[in-house]
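*Asks:* If you scroll down you'll find the structure; I have some questions about it.
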Amino acid sequence: MQYGLEDYQSTLEQYIKDIEAQLSHLSNINIGVDCCILTEFEQLQQIVSDAHNLTATYYLQHYLSPFTNHFSSISLAGQTLSNKGHGGLIIIEREVDVTPFIHNGIQIDARVSQALIETIFYPGGPVHDGGTLIRGDIIISAGNILPLTNMEVDGRVLGTRHRAALGLSELTDAVILVVSEESGRISFAYKGELFVVRP
């Protein structure tokens, strides 16, 4: 779903009110051996998760929509890859040309489509491990090798796809969407930071 600024703000404000109400409810519970508050924490966690997903989707859309008309197709492809347990690494070029920083890709030169993105990342395919470059409304190439970062996030060593996404985002203004093959988590790298879209 795409959000305008007003829709995003009003929905986020409601989530924040719901979080405050849930926290207030938790603070008024008389905690004891006979009072299990796990359900209340699960409800709070769900509200926070929904607010996080809304915010991540909004910012991803905000960063991409001026540079491609196919935000929805890219986003849906990422969700499908996640659901199927397939990994993905999608580079959406913005103002800075990324070609000096990536190499060994195979030319595609086809219009962006959800089906084509999913096909590129089908496990065992010749280009499924590399990055796919999107410029505007065209998939330029697939199977690209990206520079790797040495950064750790929250004290953990990242997998190759995430290190590649961060590495390129440190050198350009591209947005790099990453789908984890192991966990199905969807993240994006932008300006040297990694943001989770879907845990």
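All residue numbers for the sequence shown refer to UniProt numbering, where the first residue is 1 and numbers rise by one.
Glycine included, each C-beta is placed from N, C-alpha and C at the ideal position.
Just list the beta strand (DSSP E) runs in the UniProt domain "DAC" (53-199), keeping only unbroken ones of 3 residues or longer that don't cross its boundaries, in chain order.
*Replies:* 88-92, 106-111, 131-135, 138-144, 175-179, 186-190, 193-198, all fully within the UniProt domain "DAC" (53-199).
*Asks:* Evaluate residue 81 with the Cβ neighbour count: other Cβ atoms within 10 Å of its Cβ, from every protein chain shown; 16 or more gives buried, anything less gives exposed.
*Replies:* Taking the first residue of the sequence shown as position 1, residue 81 is located at position 81. Classification for residue 81: buried.
*Asks:* Anyone know if the C-beta pair for residue 144 and residue 184 falls short of 8 Å?
*Replies:* Numbered from its first residue, the sequence shown carries residue 144 at position 144. Numbered from its first residue, the sequence shown carries residue 184 at position 184. Contact flag unset, no.
*Asks:* If you run the structure through DSSP and keep just helix, strand and coil, what is residue 16?
*Replies:* For the purposes of this step, residue 16 is taken as residue 16 along the sequence shown, with counting starting at 1. In the structure shown, residue 16 sits in a helix (DSSP, three-state: H, G or I).
*Asks:* With distances taken Cα to Cα, identify the nearest neighbour of residue 137 among 110, 90, 189.
*Replies:* Your numbering for residue 137 matches position 137 in the sequence shown. Residue 110 is the option with its Cα nearest to residue 137.
*Asks:* How many whole angstroms separate the CB atoms of residue 78 and residue 179, which I take to be in contact at a CB cut-off of 8 Å?
*Replies:* The residue given as residue 78 occupies position 78 in the sequence shown. The residue given as residue 179 occupies position 179 in the sequence shown. Contact holds; Cβ gap of about 5 Å.
*Asks:* Whose CA, out of 129, 98, 99, 91, lies closest to the CA of residue 112?
*Replies:* Here residue 112 refers to the residue found at position 112 when the sequence shown is read from its first residue. Of the candidates 129, 98, 99, 91, the one whose C-alpha sits nearest the C-alpha of residue 112 is 91.
*Asks:* Can you tell me the Cα-Cα spacing of residue 135 and residue 16, whole angstroms?
*Replies:* Taking the sequence shown and counting its residues from 1, the one referred to as residue 135 is at position 135. Taking the sequence shown and counting its residues from 1, the one referred to as residue 16 is at position 16. So the two alpha carbons sit approximately 36 Å from each other.
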